[in-house]
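Residue numbers (this note's numbering): 147 to 878.
All C-beta atoms in this analysis are idealised placements derived from N, C-alpha and C, irrespective of residue type, glycine included.
Keep in mind it's a predicted model, so treat the numbers as computed, not measured.
Presented below is the structure to which this report refers.
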């Protein structure tokens, strides 16, 4: 009858005589009476129930049609099949933020018995854009009863909403097999804006949303570093991506383009050009230069389109920022590791110390447009969330900024955008001239990816564009050689670096929560997780050969260290060694003499190298593979005689094996790319991540060690397109 209900939900659907009847047309009639009036939305909340509200209705759109009811009906059907609505949250604002920025979890993952046809119908009804839904309820009914209906979204096309004004939307497309993936295991990267000052700025919410690059052949790398940035005009996202073998690379996604492109980045390592994985990016205000941190800790400046980088006289830092004059500020101190001041890189790369003796644990977030005031987090070592304040870069005077603890705080176009420890993103109106917040904060997104160590995967542009990587909970599973998958835990979380104990009865794994990142131990038979570290920055755990202790990596003193703890005991962890060049805790030699790990710059020409931490893990470190190429992902054979690792000496990342000592021939194991090697318990096989016919797969190589090491066969196993990789160690 031409009436749009606007509040379809289970409570408003009544059963009578075997028929469903829709009740409570109050909002519909109110909307009809208010045509031409704005009173329905001037409160800042759209009428309806957030769990069942379409994106256009949640945004307070005026042109609401019957397709909003189709969306709500899809929500009801989703709840009937799964037991809960597509999006839930603690507050209406949190739910609406998820409606705007996330895709509902596939029904098939929750209820495997749901027929594909029904799953496709629900997904069509729940599309973000009204044009992508069923036009009428009759079309939806026809799809439900028509055999073999398949939605356009069945193959996970690129989800999109209207792009910001002046930008052309990238075309919706079916999933394509791309040899790259987003960082941090994200299946999408959300870009939204513009935040625009309004008469009632506290009620402002993002007006446009685009979801980018969900088509992955391999999940993203896990890292403690920043994985994305925006160009100053807000039209391009630069992010870390990976190839099928897990090699990090730099990509650029222009918002008006259908596909990202690789940015070629190389640095002069003394003997020819050399590629390095990059993170912690920042783009100059004029958009010409990109500054990033290489895997070996060097800070480099590249042309924005790529090319050979120039090394800058700065220490590695996730928090280097440009000011409006094009000068670079860093909180990392000098290359000698000194602290207590900011470094200022001016014209001609002239370096000066600023605010000496007045800077403690401040981590720079941003320099405001005045070029003099900086936002900084007052970081306590090992914490994920911290207080924030403003710093006068001339006098050193500080001014408290936000009452809430946050992971990061950024300014854009009249707003402070902050990410809390639970991944909630808030926006509060802010006057940069008065240096104060001028209104209440609103929730604009939930589920923002954080590292658990003080980095939120978020970027802002001066014009109000915000980009972030959504947290993608992961499943911990057992996989057999045929690719059969068996869940270990029902809960999906941001699991990282699982490691079996020597007896196979326990798994050590680290994960992040609102307090930070720590190691848990899973007793497989009991299916329960017990916390093993309390650093709020414990990760990359490995078992000692006798299975009594765990060694892990932590930054709790401000320098990366290897610690040892005994699970189930309340004793403080024992610091074995710490070093600025350390990559992770490493893997034990079978006899417990030391740990094989990854370190940076063990000789003048090297980048990342394989090293042995001697003396039972207390050091010093001795090089095992330290060439001018990048060596990562070590794996020691069960008999302690052979070292497998990944090197890019051929131009591609490949798996190699050599005797554990410095002498002996190097044998290439993988063909066409390889990563993350792992020995079988008997030492007769070597598993690694490879590529077969363009698809990332687990490959097993049969090997023999006498009279010399050789590969006798290679056999591809199962797809690892959904397996989360890590660097510089394996993640399985």
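Short Cβ contact (9 angstroms threshold) for residue i with residue j
| i | j | result |
| --- | --- | --- |
| residue 613 | residue 227 | no |
| residue 659 | residue 685 | no |
| residue 616 | residue 873 | no |
| residue 698 | residue 716 | no |
| residue 578 | residue 619 | no |
| residue 548 | residue 539 | no |
| residue 596 | residue 237 | no |
| residue 289 | residue 266 | yes |
| residue 551 | residue 533 | yes |
| residue 735 | residue 741 | yes |
| residue 606 | residue 512 | yes |
| residue 154 | residue 224 | no |
| residue 574 | residue 585 | yes |
| residue 446 | residue 434 | no |
| residue 211 | residue 151 | no |
| residue 276 | residue 200 | yes |
| residue 571 | residue 604 | yes |
| residue 279 | residue 250 | no |
| residue 220 | residue 166 | no |
| residue 696 | residue 707 | no |
| residue 490 | residue 510 | no |
| residue 430 | residue 373 | no |
| residue 159 | residue 222 | yes |
| residue 818 | residue 798 | yes |
Among the options, the one whose alpha carbon lies nearest that of residue i
| i | options | result |
| --- | --- | --- |
| residue 709 | 731, 547, 694 and 717 | 731 |
| residue 400 | 371, 818 and 451 | 451 |
| residue 880 | 469, 794 and 785 | Coverage of the chain is limited to positions 147 through 878, which leaves residue 880 absent and any answer about it impossible. |
| residue 600 | 500, 667, 545 and 702 | 702 |
| residue 557 | 569, 583 and 603 | 583 |
| residue 879 | 642, 718 and 436 | Given that the chain is displayed from residue 147 to residue 878, the structure contains no residue 879 and the question cannot be resolved. |
| residue 764 | 225, 202, 633 and 720 | 720 |
| residue 878 | 269, 644, 448 and 779 | 644 |
| residue 693 | 624, 378, 260 and 714 | 714 |
| residue 847 | 783, 834 and 827 | 834 |
| residue 864 | 841, 853 and 159 | 841 |
| residue 386 | 411, 211 and 855 | 411 |
| residue 724 | 738, 718, 632 and 705 | 705 |
| residue 651 | 250, 630 and 689 | 689 |
| residue 371 | 856, 568, 610 and 440 | 440 |
| residue 448 | 409, 472 and 867 | 409 |
| residue 496 | 509, 519, 471 and 459 | 459 |
| residue 691 | 424, 782 and 490 | 782 |
| residue 827 | 646, 196, 374 and 610 | 646 |
| residue 844 | 851, 856, 858 and 626 | 626 |
Boundaries (first-last residue) of the beta strand (DSSP E) holding residue i
| i | result |
| --- | --- |
| residue 767 | 767 to 771 |
| residue 863 | 856 to 865 |
| residue 550 | 544 to 552 |
| residue 655 | 652 to 659 |
| residue 591 | 588 to 591 |
| residue 882 | Because the chain here runs from 147 to 878, residue 882 falls outside it and cannot be looked at. |
| residue 648 | It is not in any beta strand (DSSP E) - residue 648 carries neither H nor E in the DSSP assignment. |
| residue 674 | 674 to 677 |
| residue 711 | 707 to 711 |
| residue 821 | 820 to 825 |
| residue 264 | That residue, residue 264, is in no beta strand (DSSP E); its alpha helix (DSSP H) goes 262 to 271. |
| residue 634 | Counting along the chain, residue 634 falls outside any beta strand (DSSP E), and DSSP gives it neither H nor E. |
| residue 455 | 453 to 458 |
For residue i, the first and last residue of its enclosing alpha helix (DSSP H)
| i | result |
| --- | --- |
| residue 228 | 212 to 228 |
| residue 682 | From DSSP, residue 682 is part of no alpha helix (DSSP H); its letter is neither H nor E. |
| residue 255 | 253 to 256 |
| residue 242 | 238 to 247 |
| residue 286 | 283 to 291 |
| residue 617 | Looking at the DSSP string, residue 617 is not in any alpha helix (DSSP H), and its letter there is neither H nor E. |
| residue 426 | Segment 424 to 429 is the beta strand (DSSP E) holding residue 426; no alpha helix (DSSP H) there. |
| residue 760 | 760 to 763 |
| residue 201 | 201 to 204 |
8 angstroms contact criterion, which residue i and residue j should meet: CB distance rounded
| i | j | result |
| --- | --- | --- |
| residue 822 | residue 876 | 4 angstroms |
| residue 849 | residue 837 | Between residue 837 and residue 849 the Cβ distance is about 20 angstroms, and since that is not below 8 angstroms, they are no contact. |
| residue 468 | residue 428 | 6 angstroms |
| residue 825 | residue 806 | Their Cβ separation, rounded to whole angstroms, is 12 angstroms, which puts residue 825 and residue 806 out of contact at 8 angstroms. |
| residue 679 | residue 711 | 6 angstroms |
The stretch 814 to 833 in contact with the stretch 752 to 768 per 3-pair CB rule at 8 angstroms
no
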